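In terms of my numbering, the sequence shown opens at residue 15 and continues consecutively. Even glycine gets a Cβ: it sits at the ideal position worked out from N, Cα and C. For clarity, every value in this text was computed on a predicted model and none was experimentally measured. Okay, so here's the structure we're looking at.
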Amino acid sequence: MSALVLVLLIVGGAGLAWAAFKLEPHWSSKDGHRMMTQAQGMESSRALPTRWLEVRVTVIDGNLIVTSRGLQAIKLRGTYIVTGKSPTPPKNRQIYVLQGEKQILLRIPNSSRSMPVLDALLPLQP
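Right, here's the structure in full:
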């Protein structure tokens, strides 16, 4: 009986670890102008973090205001514009390139209500 409980605990722990790794935190308002998502600095120097960090984004008059949810993403804070979109994004996600004082990447799921808002802010391609 105790061996069965141990096996169930191990399988349950592995399932929770898998879910924590695969599920990405994302929230978007009904109109798509506010979201919590993942962002990453593009520069390889130590000035910007190069791993995905959780940020809050607000779209106001074509500008994206990025604020951090914690102290780790504090260097990503600022005002940005959308300058591009990845032609080959990861499965079930979109990657947007944002330009401000620094350049960052914004990752959102395909099911996000913010995707049409960000697509509308993309510059026209010739």
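Helix, strand or coil: how does DSSP classify residue i here?
| i | result |
| --- | --- |
| P39 | coil |
| P123 | strand |
| P130 | helix |
| L20 | helix |
| L30 | helix |
| L145 | Because residue 145 is not part of the residues shown, which for the chain are 15 to 140, the question remains open. |
Just how far apart, CA to CA, sit residue i and residue j?
| i | j | result |
| --- | --- | --- |
| S126 | V19 | 39 Å |
| P101 | Y110 | 10 Å |
| Q52 | M15 | 43 Å |
| N106 | Y94 | 24 Å |
| P137 | I88 | 27 Å |
| Q117 | A17 | 53 Å |
| A28 | L37 | 14 Å |
| I122 | Q108 | 5 Å |
| G98 | L120 | 10 Å |
| R65 | D75 | 28 Å |
| A31 | H47 | 31 Å |
| L23 | A34 | 16 Å |
Which whole-angstrom value describes the C-beta separation of residue i and residue j, a residue pair presumed to lie in contact below a C-beta threshold of 8 Å?
| i | j | result |
| --- | --- | --- |
| V96 | L135 | 4 Å |
| R70 | R83 | 6 Å |
Cα-Cα, which of the options is closest to residue i?
| i | options | result |
| --- | --- | --- |
| E115 | R107, R121, E57 and L30 | E57 |
| P39 | D75, L23, W32 and M50 | M50 |
| L112 | L132, G27 and N124 | L132 |
| L78 | P104, I24, L23 and S128 | S128 |
| Q54 | N124, A33, Q86 and P130 | Q86 |
| K44 | V73, G26 and V21 | V73 |
| P130 | V80, S42, P103 and V21 | S42 |
Exercise. At what residue ranges does the region 45-119 contain a whole run of the beta strand (DSSP E), taking only runs of 3 or more?
Worked result: Fully contained in the region 45-119 are the following beta strand (DSSP E) runs of length 3 or more, in chain order: 48-55, 67-74, 77-82, 92-99 and 107-113.
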